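First the structure, in the form of C-alpha cells, and then the observations on it.
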Amino acid sequence: MDPIIRIKNISYTYPDADRPALDGVSLDIMPGTFTAVLGSNGSGKSTLAKHLNAILVPAGGKVFVDGMDTADEGNLLAIRRQVGMVFQNPDNQIVANVVEDDVAFAPENLGVEPKEIRRRVDEALKSVGMYEFRMHAPHLLSGGQKQRVAIAGVLAMDPDVLVLDEPTAMLDPRGRREVIAAVETLCRERGITVVLITHHMDEAVRADRVLVLDKGRIVLDGTPQQIFPQTAALQALRLTVPDTVALMSRLNAAGMDLPMDALTPAECAAAILEALQ
Amino acid sequence: MLKDITLGQYFPGDTVVHRLDPRTKLVLTLVYIAALFMVGSWGGYALVFAALASVAAVAHIRPRALLKGLKPLVFIIVFTAVLNLFFTGGDDILFQWRSIHVTWSGLKRAVSMVLRILLLVSGTFMLTYTTSPLAITDGLEKLLSPLKKLHVPVYELSLMMCIALRFIPTLIEETDRIMSAQKARGADLETGTLPERAKALLPLLIPLFISSFRRADELALAMECRCYNGGEGRTRMKQLRMAWQDGVAFALGAALVAGILLLRRLGI
Ligand SMILES: Nc1ncnc2c1ncn2[C@@H]1O[C@H](COP(=O)(O)OP(=O)(O)OP(=O)(O)O)[C@@H](O)[C@H]1O
Ligand SMILES: [Mg+2]
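Here the protein sequences come in this chain order: A and B. The first sequence begins at 1093 in the working numbering and counts up by one. The second sequence begins at 62 in the working numbering and counts up by one.
Structure, rendered in C-alpha cells:
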C-alpha cells in the first residue's frame, strides 16, 4: 500500500526566525493509521501539521498528499479537502451561528450540490454524536461539544486524513474524553487516517505510532509500547510519561519486576495483579 | 450581566409570517415604507395601522413587545411633535400665549409626523422580530446578487455580517471575563467621573482588542483549511424558495398601496 502522506526531508524556517522550525523531517504515514505527535513547546509540531495541508510549503524537501505535491498551487483545494485540520480553540474555528450551517461551510465552499451537502452534514454530525444539536447556537455548547462540531465541520469535506493540533488543550477532562473517543471511532471504524498532536500522554497511548519531535527533528519514532518505556529519554526531552508507565517504573525501582509496555490502565492493572499472584 | 443584551431582537416562532421567504419580507418592508410616504389622508393612516396590526396578530407579536421596541425613540418623537406643533405657520390659530401660538395645521402636521415615525419603525420591527439575522443576511445577499456584475463583493459582505453575528456572544463573554479579572484586581469600572471611567475602561479594551485580532487570525486559518476561497463557485445547503404564501403576501402589499392611493384620491 502507498502512504497517504509522504514527507521527504523537509525543512522550514519562519521569515523572522533565526533557527529552523523544521530541520530535515522525513516521514511516511499509511492510510487508516493513528499517529500521535509529541514534543515540548516550540519543537515544531504545529509547523509540521501545517505542512500536511499546504498551509505552509516546505523551503527544502517535498510533501506529497495522496501523490499530490503540496508545492503545486493547482493541487491546493484538492489537498485541503483531503486533509482536514482541527485546531486548539474551538471558538475560533466556527463561522456560523447555527451548528448545521457551520458544518455546511466547507462543502459549500467546494461547490457541492445542496442535497449532497445536507447528506454530508447529517452524516458528519452523527459520526461525532452531535446530530441532536444541529439547530443549536455554537456559543451555548460545552467545549467538548464545540470541538466535536469543529471536527464535523472538516468531516463534511469527506477527507481521508484528519490532523488535530492539540484539540483537547482547552477542554475539561470530560470534553477531552468525548473528543478523543470521537476521533478514535473515526479512525477505527471509518478508516480515516489520524494525526493527533497532543501534550496528553494518555491520548498518545491509544495511537498505533508515536513520533517525538525536538528542535524541528523527529527524535523518536515507534509504537507506544516501544516509546513510552524509555522514561529517561522522554524526560530528557522535557516530556512526561503516561501515569501507567510512571507507576510501573516506580514499582520496579522499589524491587518489583513489571513489564514496561502495559500502557492502558487496564493492562497496567492486569500486569500488577499477575505480578502479585 | 452583559450577556443579557439581546441582538436583532428576533423572536423565533412558526407562523406564516416567520416562514415567508426573507426576500419577500425585505421587499415588502420597502414597499411598506414607500406606501407610508404616499399616505395623504387620515384614512390612509388607519389603513396602514390596520395592515400593521393584522401582520402583528398573525405573527403573534404582542403590542407590549412593540412598545418596548419603540421606547428608545421617545425623545425623537417628542422632539418631532414639539417642532411641528410650535413652528408651523398659518392663520388658523388654535390658541396663543404671548409669542407662542399653535395652529390647526401645526397640530395636524405634528400628529401625522408622529404617526409616520411610529408606523415606520413598527413596520421594520415586523421584519426583524420574525426573521433571524442569518435569514436577513441570506435574503439580502440574494437580492443584491445582481450587483456582483458591478464587482460589488456581495457574498463577502454577507459572510462578514454572519461572522460578526456569530462572534458577538463570544466577545461579550470575553468582555465579561476580562471585566471580572480587572475587578478582582481592584479596578473600579462603575464609579468616578466620566473621564475617570473612560480611563478605567482602557485596561478592558486593550486585551479585548488584542484577543480579537488573534481570533481573526485563527479563524482565517481555519476557514482556509476548510477550502474557503471566496464566493466564486460556492453553493448553499439551504436554498431560499418562494412558496404560494409569498405570492399572497405580495398581492396584499400591492392591495395596501392601491388602497392608500385610493383613499388619498377620495380625500378620506
Ligand atoms: N509565525 C511564526 N513566526 C515566527 N516563528 C514562529 C512562528 N510560529 C512558530 N514559530 C517558531 O517556530 C518554532 C516551532 O513552533 P511550533 O509552533 O511549530 O511549535 P509547537 O511544537 O507546535 O509548540 P507548542 O507545543 O507550543 O504548540 C518555535 O521556535 C516557534 O517560536
Ligand atoms: Mg503548536
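C-beta atoms are modelled at their ideal positions from N, C-alpha and C, and glycine is treated no differently. It should be emphasised that the depicted structure is a prediction, and the values quoted were computed from it without experimental measurement.
Interface flag, Pro124/B vs chain A, CB-CB below 7 angstroms: Not an interface residue.
Ala1196/A classed as buried or exposed, judged by whether at least 16 other C-beta atoms fall within 10 angstroms: In the assembly as shown, Ala1196/A is a buried residue. Its beta-carbon has 16 or more other beta-carbons within 10 Å.
Inter-residue spacing [alpha-carbon to alpha-carbon] between Leu181/B and Val109/B: In this structure, the alpha-carbon of Leu181/B lies about 10 angstroms from that of Val109/B.
Extent of the continuous alpha helix (DSSP H) to which Arg1226/A belongs: Where Arg1226/A is concerned, there is no enclosing alpha helix (DSSP H), given that its DSSP letter is neither H nor E.
Cutoff 7 angstroms; reference Thr76/B; Cβ partners in own chain excluding five residues on either side: Val119, Ala120 and His121.
Below-7 angstroms beta-carbon distance, Asp1214/A vs any chain B residue: Chain B, which has no Cβ nearer than 7 angstroms to the Cβ of Asp1214/A, makes this no.
Distance between His1291/A and Ala1261/A (C-alpha atoms, nearest Å): Cα to Cα, Ala1261/A sits roughly 8 angstroms from His1291/A.
Rounded distance between the beta-carbons of Thr1127/A and Ala1299/A, thought under 8 angstroms: Contact flag correct, Cβ pair sits at about 6 angstroms.
For Val1304/A and Gly1131/A, believed in contact at Cβ under 8 angstroms, the rounded distance: A Cβ-Cβ distance of about 6 angstroms is found for the pair Gly1131/A and Val1304/A, placing them in contact under the 8 angstroms criterion.
Three-way DSSP call (helix, strand, coil) for Val1246/A in this model: Here Val1246/A sits in helix by DSSP.
Buried or exposed by the 16-neighbour rule on C-beta atoms within 10 Å, applied to Gly1176/A: Burial of Gly1176/A is indicated by the presence of at least 16 other C-beta atoms within 10 angstroms of its C-beta.
Helix, strand or coil at Leu134/B according to DSSP, with G and I counted as helix: Leu134/B: helix per DSSP, three-state reduction.
Check your reading: residues with Cβ closer than 7 angstroms to ligand 2 heavy atoms: Checking every Cβ against the heavy atoms of ligand 2 under 7 angstroms gives Lys1137/A, Ser1138/A, Asp1257/A, Glu1258/A and Ile1289/A.
Proximity test, Cβ basis, 7 angstroms: Lys64/B and chain A: Low local confidence applies: a pLDDT of 46 at Lys64/B is under 50, so the model's placement there is unreliable, with the coordinate-based value given in what follows. Not one chain A Cβ lies under 7 angstroms of Lys64/B.
Where Met62/B sits in the DSSP three-state scheme: Annotation note: pLDDT 41 at Met62/B (below 50); position unreliable, coordinate value reported separately. Residue state for Met62/B is assigned as coil, using DSSP reduced to three classes.
Met1293/A, buried or exposed, once every other Cβ within 10 Å from all chains shown has been counted against 16: Here Met1293/A is buried: its Cβ has 16 or more other Cβ atoms, across all protein chains shown, within 10 Å.
Closer than 6 angstroms: Tyr1106/A CB and nearest ligand 1 heavy atom: Tyr1106/A: yes, Cβ under 6 angstroms from ligand 1.
Beta-carbon spacing of Arg227/B, Asn1189/A below 7 angstroms: With contacts defined by Cβ atoms closer than 7 angstroms, Arg227/B and Asn1189/A form a contacting pair.
Residue environment, Asp1194/A, which counts as buried when at least 16 other CB atoms sit within 10 Å: Answer is buried; the Cβ neighbour count reaches 16.
Met240/B versus Val78/B - alpha carbon distance: In a straight line, the C-alpha of Met240/B is about 40 angstroms away from that of Val78/B.
Closer than 6 angstroms: Gly1089/A CB and nearest ligand 1 heavy atom: For chain A, the structure presents residues 1093 to 1369; residue 1089/A sits outside this window and is missing.
Closer than 7 angstroms to chain B by CB, Glu1200/A: Answer yes: the Cβ-Cβ gap between Glu1200/A and chain B drops below 7 angstroms somewhere.
Three or more C-beta pairs below 8 angstroms linking the region 1212 to 1219 of chain A and the region 1135 to 1146 of chain A: No, the region 1212 to 1219 of chain A is not in contact with the region 1135 to 1146 of chain A.
Near ligand 1: Gly253/B beta-carbon under 6 angstroms from a heavy atom: Relative to ligand 1, Gly253/B has its C-beta separated by 6 angstroms or more from all heavy atoms.
Amino acids of chain A, ordered along the chain, whose beta-carbon sits closer than 8 angstroms to that of Leu195/B: Simply Ala1188, Asn1189, Val1190 and Asp1193.
Partner residues on chain B for Leu1339/A, Cβ-Cβ distance less than 8 angstroms: In chain order: nothing, as chain B lies at least about 37 angstroms away.
CA-to-CA distance, Val1157/A to Asn1145/A, given in whole angstroms: Looking at the two C-alpha atoms, the distance is approximately 8 angstroms.
Chain A within 7 angstroms of Thr76/B, Cβ atoms only: For Thr76/B, no CB of chain A lies under 7 angstroms from its own CB, so it is not counted at the interface with that chain.
Opening and closing residue of the alpha helix (DSSP H) in which Gln1327/A lies: Boundaries of the alpha helix (DSSP H) around Gln1327/A: Thr1323 to Ala1328.
Meets three-Cβ-pair contact criterion under 8 angstroms: the region 282 to 302 of chain B and the region 1163 to 1180 of chain A: Yes, they touch.
Nonlocal neighbours in the same chain, by C-beta distance under 6 angstroms from Thr43/B, ignoring five residues either side: Summary: the structure shown does not reach residue 43/B, with chain B confined to residues 62 through 329, and so no result is reported for it.
Start-to-end residues for the alpha helix (DSSP H) that takes in Met1177/A: Segment Val1175 to Val1178 is the beta strand (DSSP E) holding Met1177/A; no alpha helix (DSSP H) there.
Top-ranked residue by Cα proximity to Ala126/B, from Val139/B, Gly184/B and Ile138/B: Nearest of Val139/B, Gly184/B and Ile138/B to Ala126/B, Cα basis: Gly184/B.
Any 3 or more C-beta pairs closer than 8 angstroms across the region 306 to 316 of chain B and the region 1198 to 1211 of chain A: They do not touch, by the three-pair rule.
Proximity test, Cβ basis, 7 angstroms: Gln1185/A and chain B: The beta carbon of Gln1185/A sits closer than 7 angstroms to some beta carbon of chain B.
CB contact check: Leu1169/A to chain B, cutoff 7 angstroms: Interface residue, yes.
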